[in-house]
Each structure stands twice: as structure tokens, then as C-alpha cells.
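Report on one structure; see the data block that follows.
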Amino acid sequence: MKKLFASLAFAAVAAPVGAAPQTVTLAVPGMTCAACPITVKTAIARVAGVNKVHVNFDQREAVVTFDDAKATVQKLTQATGNAGYPSSVKR
């Protein structure tokens, strides 16, 4: 019984109440070669809270799934900009 209670207490602490996975599509028009998506993906993946990144060179976009308690769209666009690829939310 103590182990069950301890497990439940840990789960409650480990998962913040307000945290929710978010997905955003970023337009990254500055990608000009096949190597660019690797740099963009690496930059985004280094942002704390990012769970998944898919970069599409043909569409010049990155689809990012992240934990909104740890990451923000601003942090994602800042990461791509710092890597030399300014981005914005694709509408």
C-alpha cells in the first residue's frame, strides 16, 4: 500500500497540472539546401520540453510537438533564429 501511495504521489509531482502537449508548425523560409533541415532540427530539439520535431525541406517548415510548461513558441523561433534560420508560426 505504501508503494502504491508513493507511486501516485510521484506521478502527481512529475506531471504538472497545467502542462499540455502542443504542436506548432513553423515556417522556415531560409532553408536553401538539403543540409539545412538537419541544422534546424538540431536547434529545435535542443530546446527543453521539445518532444518531437519533423522538418520538411520542400515545404520549408518544421512541425514541433512540445510541453508548454517547459517550452514556448518564442523559444522555438529563437532557437531557429540563433542557428541562422529565422522562423515564424505558419498560419
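All you need for the numbering used here is the position in the sequence shown, starting with 1, plus 1178. Cβ coordinates follow ideal geometry from the N, Cα and C atoms, glycine included. As the structure is a computational prediction, the values presented were derived from the model and not from experiment.
Starting from T1201, trace the beta strand (DSSP E) both ways and give me its first and last residue. Its beta strand (DSSP E) spans residues P1199 to A1205.
Which whole runs of the alpha helix (DSSP H) in the stretch 1234–1266 are 4 residues long or more, in chain order? The qualifying runs are 1251–1260.
Figure out for me which residue from A1198, A1212 and V1233 has the closest Cα to the Cα of G1227. The option with the nearest alpha carbon to G1227 is A1198.
One question on the structure: do M1209 and F1235 come within less than 8 Å of each other, judged by their Cβ atoms? For M1209 and F1235, yes; Cβs fall inside 8 Å.
How big is the Cα-Cα spacing for T1258 and A1247? Each residue's Cα considered, the two are about 20 Å apart.
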